[in-house]
Ligand code: MD3
Ligand code: FE
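Numbering (this note's numbering), first residue to last: -6 to 198.
Rendered as structure tokens:
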């Protein structure tokens, strides 16, 4: 398990893109909005099994899932019925700078991992537009991120994501299997109760 020499085609990683001050400002925005658009516990389609990650969204559309209706994007928070809060300006700026895509992001999924949470290998295919990249921002404790190819069961590689890191998934990697194996406790001071937040910016329609 040494260092990897190269990322899969279409994966770009900018370690420490957001400095400590920018991380705090992003976190303050998230906290303010989570107070009115609270984290919910996503449930797997059909089984209703709870995911360990809690979520909310910013933007025109938000990703939700429950037992009855499965994975989808919708314009309203599943519990409050209200529209999602706006995507913060600094994330619009990030998209303009890195995405190479002419239209603005329509969704920002906010994933909150407690130190024991993880996300199994999956593909993101609930969007209609796979031409647009996905941009992700990590905040809080480090994680082990894993990514493979476009078929389940193929070779995978893992690397560490840290607070302030930005990653872009584009082109051939847009439909790659990926997940979060584990969170490394006590690796960041940003979140006072530990855990990790991941923000993903996407085009949906
Ligand atoms: C690779 N989130 O929300 S972000 C997700 O850290 C998700 O919370 C992880 O997977 C997290 O769906 C990973 C990085 C990421 C986002 C989208 C991808 C990697 C991706 C789409 C395709 C391939
Ligand atoms: Fe994903």
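Note that beta-carbon positions come from the ideal geometry of N, C-alpha and C, so glycine has one too.
Distance CB(residue i)-CB(residue j) smaller than 8 Å
i, j, result
"residue 91", "residue 46", "no"
"residue 63", "residue 38", "yes"
"residue 141", "residue 169", "yes"
"residue 176", "residue 136", "yes"
"residue 134", "residue 180", "yes"
"residue 52", "residue 1", "no"
"residue 127", "residue 195", "yes"
"residue 16", "residue 154", "no"
"residue 132", "residue 20", "yes"
"residue 119", "residue 167", "no"
"residue 35", "residue 58", "yes"
"residue 174", "residue 151", "yes"
"residue 4", "residue 160", "yes"
"residue 60", "residue 73", "no"
"residue 68", "residue 81", "no"
"residue 178", "residue 172", "no"
"residue 13", "residue 121", "no"
"residue 157", "residue 10", "yes"
Burial state of residue i (16 or more Cβ within 10 Å)
i, result
"residue 130", "buried"
"residue 29", "exposed"
"residue 8", "exposed"
"residue 139", "buried"
"residue 113", "exposed"
"residue 100", "buried"
"residue -1", "exposed"
"residue 49", "buried"
"residue 163", "buried"
beta-carbon residue i near the ligand FE non-hydrogen atom, thresh 7 Å
i, result
"residue 115", "yes"
"residue 6", "no"
"residue 70", "no"
Residue i in three-state terms, based on DSSP
i, result
"residue 91", "helix"
"residue 197", "coil"
"residue 22", "helix"
"residue 164", "helix"
"residue 116", "coil"
"residue 174", "strand"
"residue 16", "helix"
"residue 72", "coil"
"residue 28", "helix"
"residue 10", "coil"
"residue 84", "helix"
"residue 102", "strand"
"residue 56", "strand"
Proximity test, residue i beta-carbon vs the ligand MD3 heavy atom, cut-off 7 Å
i, result
"residue 140", "yes"
"residue 151", "no"
"residue 166", "yes"
"residue 112", "yes"
"residue 10", "no"
"residue 193", "yes"
"residue 85", "no"
"residue 100", "no"
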